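Participant:
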Amino acid sequence: MTRSTSRISARVPDSPQEEARLARRVRLLALAGALDDLGLRARLAEYVLKPTLLRCWNPDMMSQTLLVVCERSKTTGRWEFRHHPGNRTFADAENVTEPAHAREAAEILAPTLLNP
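Each residue of the sequence shown is one higher than the last, beginning at 1 in full-length UniProt numbering.
1) Would you kindly work out how many angstroms separate the C-alpha atoms of THR5 and ASN115, rounded to a whole number?
2) Okay, do the region 86-95 and the region 42-56 touch, 3+ Cβ pairs below 8 Å being the bar?
3) Who are the Cβ neighbours of THR112 in its own chain at under 7 Å, not counting the five residues just before and after it?
4) Helix, strand or coil for VAL96 per DSSP?
5) Between ARG41, THR89, GLU104, which has its C-alpha nearest VAL69's C-alpha?
6) Which residues mark the beginning and the end of the beta strand (DSSP E) in which LEU44 is found?
7) What does DSSP give as the partner residue(s) for ARG72 in the beta ladder?
8) What are the boundary residues of the beta strand (DSSP E) that LEU53 is part of?
9) Under the assumption that THR97 contacts VAL26 (Cβ atoms under 8 Å), give the Cβ distance between them as a whole number of angstroms.
10) Can you tell me which of the three DSSP states THR65 falls into?
11) Please classify ALA30: is it buried, with 16 or more other beta-carbons within 10 angstroms of its beta-carbon, or exposed?
12) Between the C-alpha atoms of LYS74 and ALA20, what's the straight-line distance to the nearest angstrom?
The structure is reproduced here in structure tokens:
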């Protein structure tokens, strides 16, 4: 029996906006995986009219929640992880496709989450 549904990785985006949304989502999920490897938690929050956010927190204590967005730089055109709200870039996300690639960005966020 064959299924008529396709895998998300085999799907071709219909528009440049959808391609950017999928790229943003992959990079944020890779960061979530890297944070999980460090014992921290993250949840993807997608809104229709707002940017897709990654909420990051330390499950072992009540501490602040950090919000992260992944967007293209207006000057270089490269993907970047940024704190939200604000435009402070903390890591490059251009080549991030899996948690191992997001390890550096996760290690930058970890001290803030571990030591509030």
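Positions of the beta carbon are idealized from the N, C-alpha and C atoms, including for glycine. For clarity, every value in this text was computed on a predicted model and none was experimentally measured.
Facilitator: Here's the rundown:
1) Within the sequence shown, the letter at position 5 stands for residue 5. Within the sequence shown, the letter at position 115 stands for residue 115. Reliability fails at THR5, whose pLDDT of 44 lies under 50, so the model's placement of it is uncertain and no value is given.
2) no
3) The residue given as residue 112 occupies position 112 in the sequence shown. LEU66, listed in sequence order.
4) As a working note, residue 96 is residue 96 in the sequence shown. If DSSP states are grouped into helix, strand and coil, VAL96 belongs with coil.
5) The residue you call residue 69 lines up with position 69 of the sequence shown. For VAL69, the nearest C-alpha among the options comes from THR89.
6) Residue mapping note: residue 44 aligns to position 44 of the sequence shown, counting from 1. That run of the beta strand (DSSP E) goes 41-45.
7) Counting from one through the sequence shown, the residue named residue 72 turns up at place 72. For ARG72, which the question treats as bridged, DSSP gives the partners TRP79.
8) What you label residue 53 is simply residue 53 of the sequence shown in a count that begins at 1. It spans 53-57 - the beta strand (DSSP E) in which LEU53 sits, taken as one unbroken run.
9) Within the sequence shown, the letter at position 97 stands for residue 97. Within the sequence shown, the letter at position 26 stands for residue 26. THR97 to VAL26, Cβ: 6 Å. Contact.
10) Against the sequence shown, residue 65 aligns to sequence position 65. It is coil, neither helix nor strand.
11) Counting from one through the sequence shown, the residue named residue 30 turns up at place 30. By the 10 Å Cβ count, ALA30 comes out buried.
12) Locating residue 74 in the sequence shown gives position 74, where the first residue counts as 1. Locating residue 20 in the sequence shown gives position 20, where the first residue counts as 1. Taking the straight line from one Cα to the other gives about 14 Å.
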